[in-house]
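Numbering (the numbering used here), first residue to last: 399 to 485. Contents: one structure, followed by commentary.
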Amino acid sequence: MIKIEKPDSTKLIEIKQWDIWEKEPCKFEHKQQRTESFYIFEGNASLATDTGINVDVSAGNLVTVESGQIVNWHVHNTVKKHFIFFD
């Protein structure tokens, strides 16, 4: 499962406390060990899972990826995101 939403201003205050990750344009596969939520504040990418989900994500998106997914990332423009993991 991949869920994409637009956070409200209250949620954005919380998000800005999360760690930051940055990745230049590239393609890579990532096995999601834990459920992750991330907020893209710069760039865009395409995500494709082993279960057939294909989505485009970009600045302003709050994305949640369920644990156990194998996600193929295609980073089109350098992505900068705030992220947090859940058990």
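Every residue gets a Cβ at the ideal spot worked out from N, C-alpha and C, and that includes glycine. Predicted model, so just to flag it, every value in this text is computed and none were measured.
Per the coordinates, the alpha-carbon of V461 lies some 16 Å from the alpha-carbon of T408. In the DSSP assignment, K409 falls within the alpha helix (DSSP H) that extends over S407 to I413.
With three or more CB-CB distances shorter than 8 Å, the region 412–427 counts as touching the region 475–484.
DSSP lists N452 and N470 as the beta-bridge partner residues of A446. The Cβ atoms of I413 and P405 sit closer than 8 Å to each other.
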